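Mapping to the UniProt record's numbering: the sequence shown position 73 is 73, numbers consecutive.
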Amino acid sequence: MNSEKPNFFNQDEYISSMSGVFHDMDETQEILAKKKTRYTKGANEIIEKVQQQFLENWRQEEIDKALDARDKNRFMALTGEGWEKQL
1 MNSEKPNFFN QDEYISSMSG VFHDMDETQE ILAKKKTRYT KGANEIIEKV
51 QQQFLENWRQ EEIDKALDAR DKNRFMALTG EGWEKQL
């Protein structure tokens with residue numbers, strides 16, 4: 001019964017798809033090994049947004065900790081100008 005089923009496995013397609021995976025892995029390692037990477041303007045904007053969101057989330061956590069600890073100086077530092085330096 002199994003001999004009646006056609007064999008859909010195509011070795012050439014499999015090998016070419018796997019070589020693409022290995023090529024992508026090599027490119028990834030090359031990018032990670034570079035000291036500097038050039039990004040497009042759009043990528044830079046996204047990176048900046050993500051970094052800013054991370055800082056704001058971290059700031060909010062630190063504000064909550066300062067409120068829980070009733071640390072007025074820390075709270076004022078985190079809610080005033082230059083709060084990035086306080087993190």
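Glycine included, each C-beta is placed from N, C-alpha and C at the ideal position.
Values in this document were obtained by computation on a predicted structure and should not be read as measured data.
Buried or exposed, going by whether 16 or more other CB atoms sit within 10 Å of the CB of residue i?
i, result
"Leu78", "buried"
"Ala33", "exposed"
Just to confirm, are residue i and residue j a CB contact at a threshold of 7 Å?
i, j, result
"Ala66", "Phe54", "no"
Assuming the contact rule is C-beta atoms closer than 8 Å, residue i and residue j should be a hit. Round their C-beta distance to whole Å, please.
i, j, result
"residue 96", "Ile47", "Since the first residue shown for the chain is 1 and the last is 87, residue 96 is missing from the structure and cannot be characterised."
"Leu87", "Glu62", "7 Å"
For residue i, which residues in the same chain have their Cβ closer than 8 Å to its Cβ, ignoring the five residues on either side in sequence?
i, result
"Trp83", "Arg59, Ala77"
Apart from the five residues just before and just after residue i, which ones in its own chain have a Cβ nearer than 6 Å to its Cβ?
i, result
"Lys41", "none"
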